[in-house]
Each structure stands twice: as structure tokens, then as C-alpha cells.
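Note sheet for the following structure.
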Amino acid sequence: MRVTATQIADWAATKMAQADLPRLVRRLCFDAGTTRQIAFPAGDSTYSPGWDGVLYSEQGNAWVPAGASCWEMGCDKGITSKANSDYRKRTEQTTEAERLTATFVFVTPRRWSTKSKWLAGHRAKAEWGNVLAFDAEDLEQWLEQTPAVALQFAEELGLSGWGVESPVRYWQLWAQQCSPRITPEAFFIDRTQTRERLIEKINECLRQNKQHTLAVSADSLEEATAFVVAVLNGCPELVSSALVVISPEGWRFVETNRQLRIAIAARTEIAVTPTLRDGLLVIVPHAVGDVSGKPQGDEIVLERPKIYDFEKALVSIGMEESDANRYALATGRSWSVLRRQRAINPAIRRPAWLAAPEATSLATLCLLGAWSENKEADRLLVSQLADKPYEEIERDLRELSQLDDSPVLKIGSVWKAKSPLELLDLFGGRITRDQLDRFFRIAQEILSAPDPQLELPSSERYAAQVHGKIRSYSDLLIESLCDALIKLAVRGTEQSSLQALQVEQRVSLLIRDLLEAADGERWLSLASCLPALAEAAPDSFLRAIEKSLMTPDAPVTRLITETDASGSLSGRCWHSGLLWALETLAWRPKWLARVALVLAHLCHVPIKGNWGNSPNNSLFGLFRTWLPQTAADVQQRIKVLDLLIAREPEVAFSILEGLVRNGPQMATLAARPKWGDDDAGAGRAVTHEEYWQMHQAAIERLIQCSTGDAQHIAKLFEHTDLRDGQELSKVLALVEPFTQTSAADVDREAIRASLRRKIHWHRNYDETQSADLDELLSAIESLYDRLEPVDLLLRHRWLFANHWPDLPVRTRDEDIGARGGLQMASRNSALIEIFQVLGMDGIERLIRECRDAGVVGAALAATECGKVKWAKWIAEMGNEFTPSEPITFCISGLLCWLQQANSTMLIREVLAQADTRMWSAERRARFLVLARSEQASWEQATACGDETEQAYWSMVNPGHLRSEDSNIDFVLRKLLGAKRPRTALRCCQYDLKQVDAKLLFEMLQRFMQGEEPQGMLLDSWHLGEMLTHLEKSGEIEKSALIQLEFGLFPALRYGQESCAALLYDSIMTEPALFAELIRILYKPEHSEWEEPVTDAHRDAAGTAWSILHGCARQPGTGGDGTVDHDAFKQFINDARELCRQADRLDMCDQTLGQVLAHAPSDENGLWPFAPAREVLEPIEMEEMRKGFHVGARNKRGVTSRGMWDGGGQERDLAAHYRSHAEKLHLTQPNVADLLDKIARSYEHDGKREDTEANLRKEGY
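For the sequence shown, our numbering assigns the number 378 to the initial residue and increments by one for each residue that follows.
Written out as C-alpha cells, the structure is:
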């Protein structure tokens, strides 16, 4: 595109020239290879003070001076006057040193007849290093040498032709067709890596200075081209030599202007006969599905953004958040589809694929949005719905998938609509009555069928696939079928053709038939479908639930009662779908009241476990003051609250209590409609005014609901702000009737407990000044005193609820000892008062009624209770000292908190009573166990005789012993004598330094043999530490220690298997031991087992499997970790020979292969190291190579990845294994082939992970 001097001069007279001239000069000056500094403010910035342009170029060219240059420019008619003014001003403002090393440049877009004379005069002054001047004639010539800049400038002047466009203009025309306009920043969200890869690839091609073609694939050709130009527009060093070819004629422009280095074809067909020459990169767009049209060579694939990133992008260009969510789903995350749906130009809204002859098959895709062709039942159903063979449908879809901006996606074996809602909008008018009839008949058949997994017990349903109890159709198809019901219902009233077929009514009737008389099995079978069914037909859905709840057995509640505890292996939250369905409906104010009443009803059904999905949480979320999950306004929500108060008062009170709760809170967003817009603009935040309006309404209703109810008042006080005088006075008025003597003590104490917690918090943690705090608390402290129960036990029982009760006084300033002293003093005072008034009967009643009887015992140890004979009292009250009895806890507290001398004396006195009362040895032992486990108690047990001592050590828990404890050996041996090795091991597990190795060995041996089966298990880590301790001690015979490690191996988990170091060392150095494990694990290859298989044999085989398949130690490994190559080979030969004799050679080879998979690398990095390769290479080692393949795969262990990451990890592993294989093809071909097989298996896995990630991106 040629721009003449006349056209430039004409432009100089326009308003825009003054602002745009610096931008033009900046483009002309910039050279990525030589420009080091450039600043030419343009647009509004032209009015800023300073130079019009500053430039530093290392080399310069015909127009740009080398080194530093300072630029002035203007569009004034008086060119010479303007130039003189600028020259004089800048010369005065610039130091001589700066001037003599820089060039002064003046630019005018007008013709300047006296330019040469002006230049001569000013150069003669020698005030600058050099002086240059350019006018319209110079700019014309300069533009001729920069065709990309000339093209863009020509477009700005309104000149067109040649079949080319600048990248800037192409982007503007493409992006502005959408409302709101697409911005590059939004377009690049979740595509940053692709953008960087494209820039890197372009730069690589340009550096090679050869002929290159690069393919860029996207949903549509236009999107691919738009992405390329958006990337180039962000790179000034690239866009200055790039253009877009919009018709075949444009290649002549590219051929003529050899300075151009990047040519982007706007469409694939334009690049059929492109200009090809060295130094030119041709970028060709392609549709993702068009496999046949893509050239061989480099390709950049532009993936659609992930849904959350696409939502962010839509919000960033000005969409409401709720609309962004809906459009992200409706457009299938495709910018091409969004641009079409939101097009300003109506011609863009109708895609070309609608006219394709294969489009008739899209009716099936409208009604079934996705299916898996791997499932025969899916293929049959699709064929049945389309009323033609599946092969024809698949052929049509394959043709459609290769079209530009195709409506069809093929992900692995799954066919799906890219933008399901758009497809229905565009194609729904072509769906016939017969097709709809077939669809609803199929939907009825599939959705009414029971889920086969329900035939299994709940504990086995997690393994339904193993048992073959799964549906014949894919979950994908069932989900898509339900999704179609929503689409038909949502769009059924908007399209006249669907409206005429009464689609909405048919959907409603279908769901009514499915649910209205549904039994529990039907509700369970449809559990995952309920959100879709609710959105498709809200009234039918709610009516079905309401009717179900009114029946005696309420079948819908099976969804809750069938839900297992959340921690169980087979746990499934069956009711989550029901809650999400109700949450979805609650967005619409019309359904809010009915949904709230249903959820309130469901709140009464007990839930096993601690599931976050609960009716109470869903109900509370509808009214949450700061994040209500409904589109109902605050007045509507308050009306529904009033309805709940009237019909479900207890549930309503719980909701109100939550609404006024202070402090940090968290919320989980509720389920939203998938295709409807009931949630538009709602559920994200509320105004400050709306928050307080809801909060105040909740407080008022909470006060009303608490009138006359002590439990409610107690809870109300927890949320009352003492500084809100009006609120506090209302709450205090509710309490006043309970200060009367006629009020029940239980009610008074309930309120008093709440007041006590309130007073404690303010006295200890409120930073208010003391005098102000006294005034603040005076009213409730007075009320606290007046509410004191008459019943002494009720008055004091709270002191014995736990060891650290909250006292209604300030204790924060005291140290922990002083605080304990205050609490103990309060308890002592209470006990004395109870004893003085009620005697020991009162104390005994307190023991029975308080929450922690042990605290009572501890307090009794420091309290003077007259002349109570504690020994006699214990002997009479202790009965059999049953562990679960409160009196037993009390006696234990008393014995443990008495000083040692007093405790010992009391124990002797009780034992004297025992002699009189003829206690059995076991009863004496149960009594002694209640005391501290210490020397004095052990001596008392010994003094009672062997039978009592044995019973004592069979019951006592000595706690954790430390190495400084001189009695450690005594205690451990006593526990062993009582056949309690587990307890003994737990006593010493934290400190093994002083434990005798032989004693520890004996404890472990007896633990392994099954003694004390009901004792607490040891964890793997401590077992491993014990084995390491034994190995280091050197005191245990090697064979015995190996046998012990073998027996304990099943208990070593979570990485502690390596602690059986001696066992692994022996297995890899003694071929006979290795062969014995093979013999235990595998049967002979040509006969049956030599002897009957017993349970013990099965257990041993399981242990052998764990040991062998966890073995990473290589044969011949020395103490320093190095491998002796000769010993390595000798071990393998000897082990194979022994296993050949035992008729187990194949399994021996496979096991050895798995061990060799853990082999190290050679010094040069080649893996596996040479001895392993030499063993694996012979042709007869096929079984060993199989084992190596399995071992290499297994040693990878557990993997994790982002849900959308795909198979990148697997491709990295494949590249790793293939890189080693390539070095071995000529020297060890069998090993190379083995490594290639492993690489291919990971490549296959990578493709599978890609497919699964892409399906997750689609919401499946």
C-alpha cells in the first residue's frame, strides 16, 4: 500500500495529525535489533512538556541517526517559524556536552520547500552533533521501506486495497463485532503459555531466516487469526514487519515488499498458493477439527479456556458475574461462539454449518448433548432416537466436526455439542414431533429404571463396578439426557416451534410421573439427577417432595437415611443432589417459601456423619445476612422467616440464632441454575443497609421466640451485645420472670450458665477500662446473683463440669498456678457447703450428677469434710470399681490428687477394709489401678499376693516411661509377665535408649505371636524405630532378627518398610532366602502346591508379596551402597537356578525384573546401569523384561495433578524412557525395545489423561 506525499500533506491539515504524528514516527523509527531507547509520546501525551521524541539507536539507517537523537515535530503551516522556535528553545535548554553528542531532528508532515536552506544554516552553527529535517516527501520514501507501518498508516487514512490488512486493523474489526468488545487481555486469559509459545516459535523461525509455515488451530479460523494478530500487536518488534492477507491478491503485496517477515493468512484457503521465500514466515489458521487440511510441520493449538478463567475473562470485558457464568456454559467456553451470540452484525449470528447437508444429525445432538461411543447401549440409544443406523450418525458428525467453527466436539470416545444451548437455539426449530416422542419415551425408560448398585448392601456399593452392578448406559449419557430436559424447558417457551409441540408441559409431566409416587429406591436411583429435574420442572418437583413427606414412610427421606457416615470407606452422600436441587429452586422468589419449608422438614431427619451438605446448612444459606443464596429481596426473605417461625419454630430459632452470630464466619455458595437465569445478579454480596436490616429483623424475632423459654433465652444471651442498651433491656426483661421464687431451678441455672460465660469473657478479654466495665456488667452480674438456684447441687454443679471452668471473675492476670488455686478454692467452698447442708449424701449425689466425677475426687483430696472415714467410704461406695461408674472416677481422682504419703496410707486402710470384707483378688486389683502408677502402688499390689499382683498388671496402664526412670525394666517385665506386650511396647516407644535389646526383642516377638490381641496397636513409625534399635544393638542373632522382621513386616507401612534393612539385605545377598520367598508366594508352574494351602500359608504369602514387590535394594549392594557387579550377576544366576529346581523360574524372573527396575544409572547417566542391561538383554529373558516393565511402572507410586492438567506428566516420563532407549538401539536392542514399550505405555496413558481432563473441562 503506497502512501504519497500529497496524501501525507493533506493529512497534516486534520485535527488528528498533531496527536498521531509522534506515533507514526515512533513506528518508523523502531528497529528491534538496533533500538535501545525510544520515547515518542502520542495522543493525549503530546501536550506533556519535554522533547517530542528521544531515541537511541546503535546503528541507525537512512533516516534514523546512529547514537542519541532528540526529535521535535509539528503540523503548523509556518514550518520554518516552528522549526526555528523549537531549535532555539531546545538548544537553550540543553547543555553543550549533551548537544555535541546528539542529533537534533525536526519532522513536519507538510511539504517544506526551504528545508535544505534551513538545514545548511543550522548545521553551520555547529551547536549539535548533527541536524536533520524530514518533510512529507521524506516520510513517503521512509514508508516505502516499512510496508507494515505504511499499511497501518494507510488504513488510518482510510485507504484500502491490495487484499491485506494490518494486524491492528484486523483485531479492531474482529473484536468490535462483539458486544461487549473483546479485549486482548481477556482473550489471553488461560492462554498465556500458548501466547509465549507462539512468540518463541515466531522468533525461532525469523532467526533461521528460512522459508517457514506455521499452523495455528482454534475453534474457528477467525479466532486463530485474531489470536495471532493480538499476540503480534503486543510485540512492537514483530508487528512492525507483519500483516494479514485477507484475499489471494494480497500475496502480491507481500512479494513486492520484501521487508515484510510475517504474513498471516486470514483463512486457510487464502494460503493455498502463498508467497514463499527465505526470511518469510507464513502463519496459516485452521479449525481444530479439520485434520485433513492441516499441513505437516509446526502447529500451535489454541485450547478453549477453562470455565472459571472464561468467566473471569467475561467479567473483565464488562459482563455481570451471573451472566458470565451462564455465557461460559452456554457458549462452551468458546470466544468464537460468544462473538457470534453477541454479534452486533446479524449476519455473523448464523454459522455456515447450519447449511451443511450433514446438519440433519444435529437434531440428535440437540436432544442428547453427549454420549460415549465405547458404550454399546449408548450407540443403540442414539440410533433409536435418530431412527437411523449409528454409522450414518457418526459419519455425519465426523464431517461436521471438521468444519470451521464446528458445533461438534470429539473428546476421546465421547461425542458432545460444543455449545448445547446455542445448538438448540439455532437448530431447535427443525426438531420434529416424532423425534420428541422418541426422546421422551427413551427418557421415561432410562430414568425410571432402578440403579443396579442398590441390589448390593450399602457396604459393598463402592465396588459396584467390580460386582457388575452398574447401568448399561454411560453416566455421561444419563447426565446429558437430564441436561436436555432443562434446555427444552428453559427454551421451550421462547421458540415458537417448540412451544407448538408443548415441550415445557411434556417435561413437567415426565418429571411428575417419575417422582410423584416414587418409592425410596426411585429417589435413590435418581439421586444424581435431581438438580436437573428440579430446574426442568420446579412445580412438579416440589409437589412430588411435599407429597412424599406427607406419607407415613416419607420415601424421599431415604436419601438422608441411606447416607453413610462421612468417614466410612463406602460413604456416599446420597442426599447432596436433593439439597442442590432445592438450592437451585430457591434462587427464584416464587419457590423460596416452599423450598424453605421442605428443608425445615428435612432438618428433623437425623444424618449419619458430619457431612457439610445438610438441610440445615442449605436452609441457613438462604437467609445468611451477608451472602443470601436467593434472588429474593430482604423483605421477601423476612416474610419467609416469619412463615418458618409459625410452622417450624425450633428450626426457625436455629436459623435466627445463626443470623445474629458475631465473629468470623464462612459460607459455601449454593447450587445455581445451569441454564435458567433465576439467579441473575444475586447471591454475591449485599449492601450494608440490607445486611443490618436482616440482622435487626433476626434479633427482633429471636427475642420474640425466646419469651418464656429458658433454653432459648440462654442461647439469646450468647449473641446479645451488652453495649446495645435497647437490645439488652429487652433481653433482661425476658429474664426477669425467672428471678421469681416460682421459677424452676433448672431454668434459672440454664440462663445463669449463659450469663456466667458472658461475664467471664468480658472480665477477662474486654479491653474496656475497669470503671466502664463495672458499669457495663453491673446489670447482668446483679441478675446473675438473683438467678442463683435454691438447690445447692444445681448451684455448684458447674464447677465440676471440667478441670478448668470459666469463673465469673477476672483471672487473666494470674499465672496458671494461681488460676488453678482460685478454681480449687471455689470447688472446696462448694463441697464444704454441700457437706454441711446435705452431708455425704449430697456429695454422692454430686458425684452422680456432675459431668466429671474425677474433678470431684480431686477436690475432695484438698477439702476438709468433717471426720469422714474415706477408707470405709471407698470400701462401701466403690462396689466393684467398675470403670464406667462415676464413683470409680471420683475415687481415682481422690487417690491421684492426695499427697503421696496420704494416698499410700489411704490405700493401706482400704486394703485393710478389703481383708475384712473378703474382697476378691480382681477387685483389689481394680481398686489399686485407680491410684497413681508408681512404686508405692506396685509394692501394695505385691503385698496383696501373686493373684492380686497378676490381676493388677493385667489392668494397669503405666503411661509412657522415659530412659531416666529407674523402674523401666521392672515395669516392662511385669507387663510381659501379664502377657501384655503391646502395652509394654507403648510404654517405652518414645524412649528406647535404656531398654534392654533382648527384652525389646522378646516384647516384639510376643507381639508378633498375637499376645494381647485387644491391646492398642503400635504405629508403623515406632515399630520401625524398634527394629532399627535392635539392628544397631548387635545383640540379636541374625537369623532370629530376620524372622522377626519377616513376621512384623505387615505392620510396617507408610515408608517404614525400609526399617527391615537386615531382611532386605539378606534377601538380596542369600539366593536361597530369595528362592524360599518365591516358593512361599507362587505355586509350581507345571503342577499344584506341594502341600495343602492353610491360612498361615496365605498370610506368609501375603507378607512375601509385600517384601518382594517393595524391594528396591539391588543384589550385590555393599554397606557403602555401591553394587559389586560380579556379586550382582552371581546372585541372579544362583537365584534363577534354585527357582528352576523349584519349578518357579518364570515368577522368579518377573520378580527379579521388578527389582532391577530400581537399578541405578551408569556414571554417564544411562539407565539402567550396565549389569542390569546385560542381564535383561538375552532373548530368553522375556519374563524378566516383563517384570522390569511392571516394576518401572509401579515404582512411580501415587500421582496427583490439577483437574485440568492432562497427561503432561506421562509425556515427560515417555520422553525420559525413550531418551535412554535411543542410546541402546544399536548395542542392546532388546533392552531398548523394552524401554520403548514403557515409553509407549506412558504415551497411551497421557492421551487418556488428556481425554479425561478435556471431559472435566466440559463439565463431565
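We put the CB at the ideal spot given by N, CA and C, even for glycine.
Integer-rounded CB distance, given that residue 827 should sit under 8 Å from residue 898: Confirmed, about 5 Å.
Separation of residue 1001 from residue 1177, as counted between CA atoms: 37 Å
Start-to-end residues for the alpha helix (DSSP H) that takes in residue 1559: 1559-1571
Touch test, the stretch 1619-1626 against the stretch 776-788, Cβ-Cβ under 8 Å, three pairs minimum: Three or more Cβ pairs closer than 8 Å define a contact, and the stretch 1619-1626 falls short of that threshold against the stretch 776-788.
Per-residue burial, residue 1193 [other beta carbons within 10 Å of its own, 16 or more giving buried]: Classification for residue 1193: exposed.
Three CB pairs or more closer than 8 Å across the stretch 1303-1311 and the stretch 1328-1347: Contact holds: three or more Cβ-Cβ distances are below 8 Å.
Neighbour-count burial assignment, residue 978, 16 or more Cβ in a 10 Å radius: buried
Short Cβ contact (9 Å threshold) for residue 1350 with residue 1376: Yes, Cβ-Cβ distance for residue 1350 and residue 1376 is below 9 Å.
Extent of the continuous beta strand (DSSP E) to which residue 595 belongs: 589-595
Supposed close pair residue 853, residue 749 - CB separation, criterion 8 Å: 6 Å
Expected contact under 8 Å - CB spacing of residue 643 and residue 659 to nearest Å: With a Cβ gap of about 12 Å, residue 643 and residue 659 do not count as contacting.
Secondary structure, alpha helix (DSSP H): runs of 4+ residues fully inside the stretch 532-586: 544-552, 561-564 and 569-585
Integer-rounded CB distance, given that residue 1302 should sit under 8 Å from residue 1325: 5 Å
C-alpha distance - residue 841 paired with residue 833, whole-angstrom precision: 8 Å
Terminal residues of the beta strand (DSSP E) in which residue 511 lies: 507-511
Supposed close pair residue 1564, residue 1604 - CB separation, criterion 8 Å: Not confirmed; about 22 Å, so no contact.
Residue 433: first and last residue of the uninterrupted beta strand (DSSP E) it sits in: Residues 430-434.
Supposed close pair residue 1284, residue 1317 - CB separation, criterion 8 Å: 6 Å
Test item: CB-CB of residue 1591 and residue 1599 under 9 Å: no
Terminal residues of the beta strand (DSSP E) in which residue 447 lies: 444-450
Inter-residue CB distance, residue 1413 and residue 1374 (contact presumed, cutoff 8 Å): Your pair residue 1413 and residue 1374 checks out as a contact, with CB atoms roughly 6 Å apart and the cut at 8 Å.
Reference residue 431, options 986, 424 and 412, closest by Cα: 412
Beta-carbon contacts of residue 1395 that lie in its chain and below 6 Å, excluding the five residues immediately before and after: 1362
Contacts around residue 640, its chain only, beta-carbon distance under 6 Å, and the 5 residues preceding and following it disregarded: 622, 631 and 659
With 16 other Cβ atoms within 10 Å as the buried cut-off, status of residue 666: buried
Alpha helix (DSSP H) runs contained entirely in the stretch 1230-1259, provided each spans 4 or more residues: 1230-1237 and 1247-1254
Residues near residue 1459 by beta carbon distance below 7 Å, same chain, minus five either side: 1521 and 1524
Beta-carbon contacts of residue 577 that lie in its chain and below 7 Å, excluding the five residues immediately before and after: none
Cut-off 8 Å between Cβ atoms - residues of its own chain near residue 1045, not counting five sequence neighbours on either side: 989, 994 and 998
Residue 1172 and residue 1226 closer than 9 Å at C-beta: no
Residues bridged to residue 1638 (per DSSP): Only positions 378 to 1637 of the chain appear in this structure, which leaves residue 1638 out of reach.
Beta-bridge partners of residue 1370, as assigned by DSSP: Residue 1370 is not bridged to any residue.
Beta-carbon separation (whole angstroms), residue 1240 vs residue 1208, contact threshold 8 Å: Correct: roughly 5 Å between the Cβ atoms.
Among 1052, 1005, 1544 and 1061, nearest to residue 1035 - alpha-carbon criterion: 1005
Residue 685 and residue 602 closer than 9 Å at C-beta: no
For residue 662, three-class secondary structure by DSSP: strand
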